[in-house]
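Residue numbers (the UniProt record's numbering), protein chains in the order written: chain Y, 1 to 351; chain A, 1 to 266.
The C-beta atom is built at its ideal place from N, Cα and C for all residues, glycine as well.
Here the structure comes first, spelled out in structure tokens, and everything after it is commentary.
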């Protein structure tokens, strides 16, 4: 592992913020620290950068323990949430700052800054001051400035939080491609699970100063190992011991099932169904059109269940009796979690 | 119609502003200058170059420079401390910084007399080492420092608080030394509030009257500041000379304000 955190704990004013954080990051990969605000994820980033000391534990980068090193000596690039651009320096001088402090030659500086300006599409803005830039441009300057001296690691604290939705989408894709092209090992902090899913190679989910789960976006989404992750990542309906047809339900009666809305198919009673499976009865509480999907809230066996429906299908009315089919559910007992496909599906496809 | 009314309001406000500034500021100042020059240039120059006036200029400049230096060191340290550190008694210190603004200058003078005077609490110490504080320049320096010390700190604290430390931390992560960070990142951001604080402190130091009057003893040629000299002359019915000395204060204050604007390219 290129970056390794070992038993990192942190207390501040007698309150424990981090509890024995252990995880590693592969060289050249992009990792997301995902968690709600106040979960301690930014503190982990600051400890990595040497901006805050850990109460106990150890951090190693590229096989070298860095606990005793000052931020100056760690070789870490850092992008703050508000970018923290040097407001009295031009874009050019912002990017050149780290090269000058590390005594690069004038010719090397010129060459490296020009290269980065081109990479981040900022060449035309080289002589502008930060206050003249848009949010997206500022973020690109902060990124270029952070990677200019070729740091070993790049850390980004909520890099997209200050941007509009549209620009955020674009920059996410841009940043992901760029980080992989540059090949720099990177960690970013976010509270937005979609952002983490779309951008990261690996996600570390953090809650109340503890790691909940580590895995690829796919694993984290489909196979949460804790109730927190199941509820925090994406939308799901939580059902208490539902009587699910086609699933191997546990013997004890206090289990829960988490069901993603996209795993529930809803049909009008007179609609033709694509699969020959047993359907269940439910009542529509509400349905909300949000562009790409219609979110349907259903009452099923006295519990609330969310489902997605295509806007192309005929609309559902509040109070309408409908039929539904659950394709996949995450079954949680006190001991373990298990992702199950509806067994009727296999049977239906086999036909 | 709406537009017309808006224009009327604008002209009304403009008229009020100018009338006020003219009546309160420009007219009295012009009268001071006119009075000072009433006896002609020759008298003006003799008064200005008299020994008593020169002594007062020296003392006032010395008091101002010393208090500015103290302000610079104390103001920056206090602002830094209060913005970036947590410690027991932080709120108390924060409140105490404002004390010189809220205590009447005469009381300030009396406090110093009680502390350093002939019968004061620290009198035995200063008698032993044969240093006179009260009715001597040191008392004037001390009181001037006292009445000016909130200026720089109060200007810097909100700016430092709003600025945060992230630019400095970024610079550190990019390999900058503490000195490089201070010079290239922190100082440029603090230039303007620092200058404002210093200008305000200078104006106060030049013009301080109440506190200084109590501790100075108004010994001609020894412990008179410019403000005290104006008052002494005025009390001795030397009105014209009083106005002459007043123009020095007026001129230096204007010069400081203009200098600040020049330096900051406002």
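| Check | Outcome |
| --- | --- |
| Run through the stretch 17-54 of chain Y for me and flag every whole alpha helix (DSSP H) of 4 or more residues, listed as ranges in chain order. | 41-49 |
| Hey, how far is the Cα of residue 313/Y from the Cα of residue 234/Y? | 24 Å |
| Going by Cα to Cα distance, which pick from 266/Y, 242/Y, 10/Y and 287/Y is closest to residue 277/Y? | 266/Y |
| Tell whether a beta-carbon distance below 9 Å holds between residue 135/Y and residue 164/Y. | yes |
| Exposed or buried, what is residue 274/Y when buried is set at 16 or more other beta-carbons lying within 10 Å of its beta-carbon? | exposed |
| For residue 241/Y versus residue 253/Y, is the C-beta spacing smaller than 9 Å? | yes |
| Starting from the C-beta of residue 284/Y, find all residues in its chain whose C-beta is less than 7 Å away, skip the five residues before and the five after it, and write them out in chain order. | 296, 298, 316, 317, 318, 319, 320 and 322 |
| Tell me, please, whether the CB atom of residue 170/A is closer than 9 Å to any CB atom in chain Y? | yes |
| Compute the distance between the beta-carbons of residue 324/Y and residue 282/Y, then report whether it is under 9 Å. | yes |
| When DSSP labels each residue in this structure, what does residue 258/Y get in the three-state scheme? | strand |
| Of all the options 259/Y, 82/Y, 91/Y and 195/Y, which has the alpha carbon lying nearest to the alpha carbon of residue 127/Y? | 91/Y |
| Check whether the Cβ of residue 159/Y lies closer than 9 Å to any Cβ atom in chain A. | no |
| What first and last residue would you give for the alpha helix (DSSP H) that runs through residue 93/Y? | 91-101 |
| Restricting to runs no shorter than 4 residues, where is the alpha helix (DSSP H) found entirely within the stretch 85-122 of chain A? | 90-97, 99-102 and 105-116 |
| I want to verify the contact list: residues of chain A whose CB lies under 7 Å from the CB of residue 49/Y, in sequence order. | 173 |
| Check whether the stretch 173-181 of chain A and the stretch 60-76 of chain Y touch, using three or more Cβ-Cβ pairs below 8 Å as the test. | yes |
| When we look at the beta-carbon of residue 119/A and count the other beta-carbons within 10 Å, is it buried (16 or more) or exposed? | exposed |
| Cβ of residue 166/A less than 9 Å from any chain Y Cβ? | yes |
| Using a Cβ cut-off of 9 Å, pull out every chain A residue sitting near residue 76/Y, in sequence order please. | 173 |
| Between the Cα of residue 172/Y and the Cα atoms of 290/Y, 60/Y, 32/Y and 226/Y, which residue gives the shortest distance? | 32/Y |
| Starting from residue 364/Y, follow the alpha helix (DSSP H) in both directions and report where the run begins and ends. | The requested residue 364/Y is not part of the displayed model; chain Y covers only 1 to 351. |
| From the beta carbon of residue 342/Y, is the nearest beta carbon of chain A less than 9 Å away? | no |
| Which chain A residues are close to residue 43/Y, counting only those with a beta carbon under 8 Å from its beta carbon? | The contacting residues do not exist; residue 43/Y stays about 14 Å from chain A at best. |
| Would you mind giving the Cβ-Cβ distance between residue 10/Y and residue 55/Y, rounded to the nearest angstrom? I have them listed as a contact below 8 Å. | 5 Å |
| Flag residue 102/Y as yes if its beta-carbon sits less than 9 Å from any beta-carbon of chain A, otherwise no. | yes |
| Counting only Cβ-Cβ distances shorter than 8 Å, please list the residues of the stretch 116-137 of chain Y near chain A, keeping chain order. | none |
| Pull up the CB-CB distance for residue 206/Y and residue 50/Y, whole angstroms please, since I reckon it's below 8 Å. | At roughly 20 Å, the Cβ-Cβ gap does not stay under 8 Å, so residue 206/Y and residue 50/Y are not in contact. |
| List the residues of chain A whose Cβ lies closer than 7 Å to the Cβ of residue 139/Y, in chain order. | Correct list: empty, because the minimum Cβ distance to chain A is about 14 Å. |
| Is it buried or exposed for residue 300/Y, if we count other Cβ within 10 angstroms and need 16 for buried? | buried |
| Tell me which same chain residues have a C-beta within less than 6 Å of the C-beta of residue 280/Y, skipping the five on either side of it? | 324 |
| Quick one: which chain A residues come within Cβ less than 7 Å of residue 98/Y? | 174 and 175 |
| Quick check on the burial criterion: 16 or more other C-beta atoms within 10 angstroms. Buried or exposed for residue 197/Y? | buried |
| Contact criterion: CB-CB distance below 9 Å. Does residue 185/A meet it with respect to chain Y? | yes |
| Less than 9 Å between CB atoms is the rule here; does residue 88/Y satisfy it with respect to chain A? | yes |
| So if I threshold CB-CB distances at 9 Å, which residues from the stretch 55-81 of chain Y count as touching chain A? | 70, 71, 72, 73, 74, 75, 76, 77, 78, 79, 80 and 81 |
| Leaving out the 5 sequence neighbours to the left and right, which residues in its chain are closer than 8 Å to residue 337/Y when beta-carbon positions are compared? | 223, 224, 225, 226, 230, 330 and 331 |
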